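Heads up: the structure comes next, in structure tokens.
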Amino acid sequence: MAGLHTPQRNSTNGARANATIGNTAGVSPHRPRLEYFNLADLSWTDYRGFLHPVERIHAEPFGLYVERTVDNPRYHYIETWMLPELTLRATVYHLRPGHSRGQTYYLDIGEYGPCAAKKWRAEGHYLHVVARPGQVPELVGIDDLLTAHAAGYFDTAQTHRAIERAAAVVDGIAGCDHSVDTWLARHGITLTWL
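Just so you know, we're using UniProt numbering here: the sequence shown kicks off at 1 and counts up by one.
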């Protein structure tokens, strides 16, 4: 996710609203990004293959929780929940002073779940929803998804599933007065954060 929330062409946030859908010349295609989380050794392997420590990691019946520090000029701490049944990863970035925008959820569409004993696998499917309480959710990543599809990294059925899932998330949150927590509660999930 470039720069926390960088406006992208063809997203619902209105950036470059006159651009043609599918005009992805500025986006480099890439395969879905894979990450691994190990509960036994408190580690996270990022999509480049680098191993990082995490402060806390634990599994609940509905998902996996991870806390970790980050060396970034805008934010210093990340909390994330992987929710297999919803095919979502919910993340909150703890911003440094001067960068605060209020509570923001980043909801990544993808496949998340256990892959071995005490190990979880996360595969992002390019799209994510940026949701702030009381505001219309924003869908981001359309260019990445279409470019990956055109390059053969993501087939047509996967592409349709990702778009349908993202649309359902946006509609679901919007139908709950733009509250992620209320929408998750309707699915029987209550997330805890720092």
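From the three backbone atoms N, C-alpha and C, an ideal C-beta is built for every residue, glycine too. It should be emphasised that the depicted structure is a prediction, and the values quoted were computed from it without experimental measurement.
Residue pairing of residue 108 in beta bridges, as defined by DSSP: 89 and 128. Here the alpha carbon of residue 153 sits roughly 5 Å from the alpha carbon of residue 31.
The beta carbon of residue 188 is closer than 8 Å to those of 62 in its chain, skipping five residues each way along the sequence.
By the Cβ-count criterion, residue 37 is buried, with 16 or more other Cβ atoms from all chains shown falling within 10 Å of its own Cβ.
Three or more beta-carbon pairs separated by less than 8 Å are not found between the segment 69-77 and the segment 165-180, which leaves the two stretches without contact. Nearest neighbour of residue 168 by Cα position, chosen from 95, 190, 88 and 115, turns out to be 88. DSSP, read as helix, strand or coil, puts residue 69 in strand.
Look at residue 34 here: in three-state DSSP terms it is strand. Straight-line measurement puts the Cα of residue 181 at about 8 Å from the Cα of residue 191. Of the candidates 114, 125 and 105, the residue whose Cα lies closest to the Cα of residue 144 is 125. Bridge partners of residue 53 according to DSSP: 43.
With a 10 Å radius around the Cβ and a threshold of 16 neighbouring Cβ atoms, residue 171 comes out exposed.
Less than 9 Å divides the Cβ of residue 64 from the Cβ of residue 57. Around the beta-carbon of residue 194, fewer than 16 other beta-carbon atoms lie within 10 Å, marking it exposed. Buried is the label assigned to residue 27, since at least 16 other Cβ atoms lie within 10 Å of its Cβ.
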